[in-house]
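S.K.: Following this message is one structure expressed as structure tokens.
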Amino acid sequence: MLNLKFSHNAHIQFRPIRPSDLEVLEKLHADMFPIRYESEFFQNVVNGRDIISWGAVDCNQPNGQDDELIGFVTARIVLAKDSEIEDFLRYDSARSNHTLVYILTLGVAEGYRNLGIASSLIHEVIKYASTIPTCRAVYLHVISYNNPAIYLYKKMSFRCIRRLPAFYFINSQHYDAYLFIYYMSGGRSPCSPIVGVASVKDKMRESRLRWFGHVKRRSIDAPVRRCERLAMESLRRGRGRPKKYRGEVIIHDMALLQFTEDMTLDRRVWRSRNKVEVSSLRF
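So for the sequence shown, our numbering puts the first residue at 1; every next one is plus one.
Shown next, in the form of structure tokens:
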């Protein structure tokens, strides 16, 4: 199997996935995704049965592994009229041959990330789709907490069209997904989605928790931390005051998001986990 860390200069090339890639392809999917794929899916990929695919290999990989997969993308061609995104396309509905390319899976081995391999694999899909005269868009779903993937698709001009509640069911828990579309060949959206709209309630919670993290990262002797040790006796809430103190609201917020106080010590993790993802609204 491939080494996750490498000390050589990687030389990446792309090629179709072949039957000889079956074992590595299954392992990469098992390592990267919380969803279990059936063996039939992998057989269809390596044999090109209704699935198109590209693999990335490192030609400078030692020990005879220079043709072993270190990245992959799989996709399928679907009819626009039979797809879930038909309402998000502007095209001649009288023609029944319009198609779309749906990206099924995309992944890069851990040691080869941040080298532009995922972007190159997506470019392969877009380039392929552009050769199909009837293709109007490339689309995919991404789980709501996968921030690196969300950033990647936005950078590559995919449009975030809609948030789909409870789209995934993984380990007895529901997760939302975002629908991303890359329009091409006149397959524009019939309406302009308003991107960047978030719930006021969620944004207020985000602000509270960001400030809470800022406070917790300060020295115990900092003025803002001394306030935590003040004892207020015989304090009565005045008429019209909130029913909960700020600290009680913070405890509720953290329980809702399954946060722990020690997570505040890492500013980057705290802010990324607490960030409210904006949704796209359609009228």
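All C-beta atoms in this analysis are idealised placements derived from N, C-alpha and C, irrespective of residue type, glycine included.
No experiment lies behind these values; they were computed from the predicted model shown.
Give me, in chain order, the residues of the same chain whose beta-carbon lies closer than 7 Å to that of Cys-59; leave out the 5 immediate sequence neighbours on both sides.
M.R.: His-11, Gln-13 and Asp-66.
S.K.: Quick one: is Met-1 buried, meaning 16 or more other Cβ sit within 10 Å of its Cβ, or exposed?
M.R.: For Met-1, the predicted model reports a pLDDT of 45, less than 50, meaning its position is unreliable and no value from the coordinates is stated.
S.K.: I'd like the list of long-range same chain contacts for Ala-129, defined as Cβ closer than 7 Å, with 5 residues on each side in sequence excluded.
M.R.: Excluding positions up to five away in sequence, the list reads Val-101, Cys-135, Val-138 and Met-184.
S.K.: Which value, in whole angstroms, describes the spacing of the CA atoms of Lys-244 and Leu-106?
M.R.: Approximately 46 Å, taken between the alpha carbons.
S.K.: With a threshold of 8 Å on Cβ separation, who are the neighbours of Arg-271 within its own chain once the five nearest residues in sequence on each side are excluded?
M.R.: Answer for Arg-271: Arg-210 and Gly-213, listed in chain order.
S.K.: Roughly how many whole angstroms lie between the Cα atoms of Ile-194 and Asp-176?
M.R.: The predicted position of Ile-194 is uncertain, since its pLDDT is 43 and thus under 50; a value taken from the coordinates is nonetheless stated next. Cα-Cα distance, rounded: 19 Å.
S.K.: For Phe-283, count neighbouring Cβ atoms within 10 angstroms of its own Cβ and tell me buried if that reaches 16, exposed if not.
M.R.: Only weak support is given to the placement of Phe-283: the predicted model assigns it a pLDDT of 33, under 50, and the question is left unresolved by the model.
S.K.: As an exercise, report each continuous alpha helix (DSSP H) stretch of at least 4 residues that is fully enclosed by the region 135-213, in chain order.
M.R.: Entirely contained in the region 135-213, the alpha helix (DSSP H) runs reaching 4 residues are, in chain order, 147-155.
S.K.: At what residue ranges does the region 39-86 contain a whole run of the beta strand (DSSP E), taking only runs of 3 or more?
M.R.: The qualifying runs are 52-58 and 69-79.
S.K.: Use the C-beta contact count for His-252: other C-beta atoms within 10 angstroms, 16 or more gives buried, fewer gives exposed.
M.R.: Classification for His-252: exposed.
S.K.: CB-CB under 7 Å to Tyr-37, same chain, minus the five flanking residues each way: which ones, in chain order?
M.R.: His-29, listed in sequence order.
S.K.: Judging by CA-CA distance, which residue of Ala-75, Leu-69 and Asn-97 is the nearest neighbour of Lys-81?
M.R.: For Lys-81, the nearest C-alpha among the options comes from Asn-97.
S.K.: Give a yes or no on whether the C-beta atoms belonging to Val-46 and Ile-70 are separated by under 7 Å.
M.R.: No, the Cβ-Cβ distance between Val-46 and Ile-70 is not below 7 Å.
S.K.: Since Tyr-178 and Ile-150 should fall inside the 8 Å C-beta cutoff, what is the C-beta to C-beta distance between them, to a whole number of angstroms?
M.R.: Indeed they touch by this definition, with Cβ atoms about 7 Å apart.
S.K.: Using 10 angstroms around the beta-carbon of Ser-192, count the other beta-carbons present and answer buried if the total reaches 16, otherwise exposed.
M.R.: With a pLDDT of only 47 at Ser-192, under the threshold of 50, the placement of this residue in the model should not be trusted; the figure read from the coordinates follows. By the 10 Å Cβ count, Ser-192 comes out exposed.
S.K.: Can you list, in chain order, the residues of its chain whose CB lies under 6 Å from that of Tyr-153, leaving out five sequence neighbours each side?
M.R.: Excluding residues within five positions, the ones whose Cβ falls inside 6 Å are Phe-180.
S.K.: Output needed for Phe-42: all residues of its chain with C-beta closer than 8 Å, excluding positions within five of it in sequence on either side, in chain order.
M.R.: Contacts found: Leu-22, Leu-25, Glu-26 and His-29.
S.K.: Which one of Ser-157, Asn-147 and Ile-143 has the shortest CA to CA distance from Gln-173?
M.R.: Among Ser-157, Asn-147 and Ile-143, the Cα nearest to that of Gln-173 belongs to Ile-143.
S.K.: Measuring CB to CB, does Val-73 end up less than 7 Å from Leu-121?
M.R.: A contact, by the Cβ cut-off of 7 Å.
S.K.: What separation, rounded to the nearest whole angstrom, lies between the Cα atoms of Ile-52 and Lys-201?
M.R.: Cα to Cα, Ile-52 sits roughly 43 Å from Lys-201.
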